[in-house]
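Just below is one structure, and these are the notes that go with it.
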Amino acid sequence: MRRREFLPVLAAPLLAAPALAQQPERVWRLGALAAARYPVEAIQQFTLPELAKLGFVEGRNLTFHGISADGAYERLPALARELVEAKPDVILAVAPSAIRAARAATRTIPIVMAYAGEDPVAAGWAESYARPGGNVTGVVMLSPELDGKRLQVLHDAFPARRRIGVLHHPTGMSTPNVSAIQAAAGKVGLEILSFQAAGRENYEAAFDAIRMAGVDTLAVASAPVFVGDAGLIAEAALKAGLPTICEHPEMARKGCLISYSANIQALRQRTAVFVARILTGTPPGNLPIEEPTSFELWVNMRTAKALGIELPPTLLARADEVIE
């Protein structure tokens, strides 16, 4: 994989164990809130090891309490209040729905966005990117811009296909997302058809509607639930004979033809730095909100062969990862 750089807005050195020596008996409490199970599992698998490198080791001086709504977004406000009652030192909130619920539940416990798909200033979570001011900071991965960019990548891969389906979660397709997709489509004269699915119980009906509409290719919009259900979505798209572009590299691993996203590993590393800075005394309102500047394109050639399609050499040359 070609390596690209991440914008170092937080230009502080990574914390090491000596920074913790002043409080040898202290055990920090990290909470996490997400709409789906996969983001919580990813924090355990990827973010906690990054925190361990900074001296915060689960089972030694860190406890972790992750809560998932398991796709039931309406449960997030109550779950956020439950998490706040556990009195964590920091809350990791994944995606706008969880960030919104966490902020409604507390204005005092620091909240690290991992990652915001909305503009946190426009949403009222922060005063500015440079100086958030309140209890919310972290990493922004604006989904409207990325959803629009994915549509462009999909068109570059299949320029002759003009009828594009967009699969989105009912809670996730905001006006900015729709505007970004429509703007990208309008530039190249594509027809956009929108389809909803709230979770695994809805995919069969959604793909029936997609097939009946005569869609040529499919863009799967940003949603934590879709990342967790990537295998199901990829299988349904393959049965429908649809080339698909998805949000997350994990979705390409599980069978989506193409994924395009910010560099997820870099985001996880930076999220860990935010948590570590807060745990060692920096107020969240003083930590500038970061945006990624590195992005990754993944291509699953096994899926391409199963679909019986050839991808343009220019697309493969641009890919950061090709799954054979």
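Count the sequence shown with my numbering and you get residues -14 to 309, in order.
Built from N, CA and C at the ideal position, the CB exists for glycine as well.
Determine the contact status of Ile316 and Val106, defining contact as a CB-CB distance below 8 Å. Since the first and last residues shown for the chain are -14 and 309, residue 316 lies out of range.
Quick check: what's the CA-CA separation for Leu61 versus Thr48? 21 Å
Is it the case that the Cβ atoms of Arg253 and Val200 are separated by a distance below 8 Å? no
Using the rule of at least 16 other Cβ atoms within 10 Å of the residue's Cβ for burial, across every protein chain shown, is Gly213 buried or exposed? buried
Let me confirm a value: Ala6 is counted as buried when at least 16 other C-beta atoms fall within 10 Å, else exposed. Which label applies? Reliability of the predicted coordinates at Ala6 is poor, the pLDDT of 39 falling under 50, and the value obtained from them is presented with this limitation in mind. Per the 10 Å Cβ criterion, exposed.
Just to confirm my understanding: we take Leu217, look at its own chain, exclude 5 residues before and 5 after, and list those with CB closer than 8 Å. What are they? Arg185 and Tyr188
Specify the secondary structure class of His140 as computed by DSSP and reduced to three states. Helix, per DSSP.
Among Arg255, Ala198, Leu36 and Leu242, whose alpha-carbon lies nearest the alpha-carbon of Leu301? Leu242
For the candidate residues Leu33, Pro268 and Asp305, whose alpha-carbon lies nearest to that of Tyr245? Asp305
Name the residue from Asn285, Ala257 and Ile28 whose alpha carbon lies nearest to the alpha carbon of Ala237. Asn285
For Ala108 and Val173, I'd like the C-alpha separation in whole angstroms. Per the coordinates, the alpha-carbon of Ala108 lies some 31 Å from the alpha-carbon of Val173.
Within 8 Å of any Cβ in chain C, is that where the Cβ of Leu77 sits? The structure shown contains no chain C; it holds only a single protein chain.
Would you kindly report the start and end of the unbroken beta strand (DSSP E) that includes Arg22? Premise fails: Arg22 lies in the alpha helix (DSSP H), Arg22 to Ala27, not in any beta strand (DSSP E).
Hey, out of Glu130, Ala87 and Val205, whose CA is closest to His233's CA? That would be Val205, whose Cα lies nearest to the Cα of His233.
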